[in-house]
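Numbering (this note's numbering), first residue to last: -12 to 544. Beta carbons are placed, not taken as given, at the ideal position from N, Cα and C, and that holds for glycine. All of these numbers come straight from a predicted model, not from anything done at the bench. This report refers to the structure that appears directly beneath it.
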Amino acid sequence: MSDGADAPHLEELRARAPALHAIALITTLDSGVATAAVTAALVRLLSQRHDPELQAGEAARRALDGALADLPGIASQSDRGLPLDRVDADDLGEGLDLLRVTTRALTALDPVQRKVLAAWAYDDVALDPGAERSALEELGVGLAALPWTPTAEEALHRFVEAEPAPADLLDRALAVVADRRRRTRRRWLFAGVATAVVIGAVAFRLDDRRDPGLATGEASVSASGSVRPIFTVGGVRVRVAVAAADEAKLPVLPNTLQDTGITPRLGIPDGDIPALAPGLIGTRSVRAILIRRLPDGTGRAVLNVPRGNPDYVDVPAIVIPPARPGFAAVGPRSISRDRHRIVLPSANGVVVVNVLTAEMLAFPADLSQAESVGFSSDESSIVLSSLGNPQRIVLATGDVQTMAPPGDAGRFRLVVDAAPNLLGFDGRGGAVAQYAVGAPINGFGSPTVTSQSGWSAAATVFNAAIMPAHAGQGILAVTVDVSPSATALVLAQADDRGDATPCCSALAWAPSDRALYLSASPTVWRILAWDVHSGEQFRVSELPTPDERSWFGEFTL
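Here it is, written out as structure tokens:
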């Protein structure tokens, strides 16, 4: 749709929303997941342009199709389940008996069977007549535990009545669409924000809802001897990191090369760089991808392959499109888990490269709506990550599949949709969970990087009205384990870095929950490590500052 949705379409969608939610609830057995899935389907429909002749009923049908498409997969990934009292409550009358027995009967079915039943009951659609008959028979077996015989439709309606759809489903979707359009307009603004960066840390709970406010400050001494202020925001403990002038005095991250493979200095070398060829790097792994820009704006990937010679190799065969706002040529999912494959954008889609054999597989795709490309977390697909129009390329077949938004190659992503949230994604890039992040946050930058232990970090813009002066940007790290140290925060504060440096960005993770991030100054870019538990900082590596000719500062670890 365009900026305004036609009233008939909105009214039809509003009327259909409860049925969509009922179908999603029966399929997933999780009211929260159902709400997220239906909202995502509505957001997707509202974000698309449509034929002016399209009837309101057809618009609702498309929303239904979007809601149904990935529900079985979402259901199989959801581990929140139903409240225990839906299954194990004592008998408290006929109504609860029916609810309890229906819940048990549905739990015994698989998600595909439940989806077939839901479509039959709430949309009068036979997705598969044979499967429908089978599912109805199995549901009937479960319902036979009751002393009377309700119809399948009665049982399903009783199940749904216990978890009714939110009354504002469509309004939520409209708010998300409006907010994303605003953020799309300012995304490039955020990416190029000039700031001075000092890093700090905060620890708080993901479900903390206390009113924000500043508390008395204190101070601690870092490993380099620099005084690092500590203060509290809304009950959250904040540690400010060393100034740029003191970063060189930070201790080196212990066992950097052994544990991370990162060398003390990264950068595209001068002179000729050998081109990738079969067997050139032996069995070594890619540690980093750096993008070299040509005069025509196109890019070439240069791979850092430490622990041997050559330590850098060029990939001249792949022409990376010119840089454009809102799209990252490389990111944390550009390198496979074993670091022997990479994926790069090209003029006509994406190319997967086996760096040991130099074999290249091209997959046609439209990248115009993508924010980045990367291996899905189960590495079965390439995900064209997007909050509004994600796609998935199945590596085994080359099929390009449209996904219900949002979609992301990573396991988690920090976003602001009316409020800060941590989104969770399944192994193929589909959204399956959402967690509220209670913090004074106005926005997040890309990418979000996630550790093996479940910590996620991203560049962050904080609420200037709540945070102390000059503490407007930095890195936020969160985990869904809501223990007292469940989240941590890195702040930005003006110091001696100058006025022309971009905000920090999250890069990767080192062992022991140490986030690797980029800290920029006019003379040097540093990769630093930050321990989200102790607040300690370490030096990791250095890169040249962008020259705006061939090196724009595009790289990933």
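Answer with buried or exposed for residue i, where buried requires no fewer than 16 other C-beta atoms within 10 angstroms of its C-beta.
i	result
A210	Note that A210 scores 45 on pLDDT, short of 50, meaning its location in the model is unreliable and no value can be drawn from it.
L281	exposed
H8	buried
G361	buried
S355	exposed
S368	buried
E(-1)	buried
Y25	In the sequence as presented, Tyr is not what sits at residue 25; that position holds Val. With 16 or more other Cβ atoms within 10 Å, it is buried.
L348	exposed
E346	exposed
R404	The displayed chain sequence assigns Asp, not Arg, to residue 404. Buried, by the Cβ-count rule.
T138	exposed
A357	buried
T243	buried
Go through its chain and collect everything with a Cβ distance to residue i's Cβ below 7 Å, but skip five positions before and after it.
i	result
R101	I13, T14, L93
S438	W496, D500
L505	C491, S492, L494, W512, I514
E140	A108
H327	S272, N341, V342, L343
Over the uninterrupted alpha helix (DSSP H) stretch that includes residue i, give me the two end residues.
i	result
W107	98 to 110
R145	139 to 148
A92	81 to 94
Using the three-state DSSP reduction, which class does residue i fall into: helix, strand or coil?
i	result
P116	helix
D301	strand
T474	With a pLDDT of 49 at T474, under the threshold of 50, the modelled position of that residue is not reliable, and the figure given next carries that caveat. Looking at T474 - three-state DSSP - the assignment turns out to be strand.
I260	coil
L161	helix
L240	coil
V25	helix
T15	helix
I10	helix
V317	coil
D38	Any answer about D38 is weak, because its pLDDT of 48 lies below 50 and its placement is not dependable; what the coordinates show is given next. D38 falls in the coil class under three-state DSSP.
DSSP puts residue i in a beta bridge; with which residues?
i	result
D404	A406
Q378	L371, T389
I276	L290, T543
Q421	L410
S506	R513
G430	V448
R501	A497, D518
N341	R328
R252	E529
A349	V338
G394	S373, G417
G545	It is not possible to answer for residue 545, since the shown part of the chain is limited to -12 through 544.
T437	S443
I322	I329
I548	Within the shown structure, residues of the chain are numbered from -12 to 544, placing residue 548 beyond reach of any answer.
By the DSSP assignment, the beta strand (DSSP E) with residue i in it spans what residues?
i	result
T447	443 to 449
Q524	524 to 530
L494	492 to 497
S333	328 to 333
Give me, in chain order, the residues of the same chain whose beta-carbon lies closer than 8 Å to that of residue i; leave out the 5 immediate sequence neighbours on both sides.
i	result
S537	I255, R279, R280, L281
F539	I278, R280, A310, P533
P153	H8, T22, R159
V292	I268, R271, S272, V273, R274, D298, Y299, V300, V342
A235	R526
S440	T466, D500
Skipping 5 residues on each side, what residues in its chain have a beta carbon closer than 6 Å to that of residue i?
i	result
V511	E529
T1	The amino acid occupying residue 1 in the given sequence is Arg; Thr does not appear at that position. Result list for R1: L157, in chain order.
L263	V300, V302, A345
P498	D246
T250	P293
L544	A275, L494, A495
E541	I278, A316
Quick one: is the Cβ of residue i within less than 7 Å of any heavy atom of the ligand MN?
i	result
V519	Among the components modelled here there is no ligand, and therefore nothing to report on the ligand MN.
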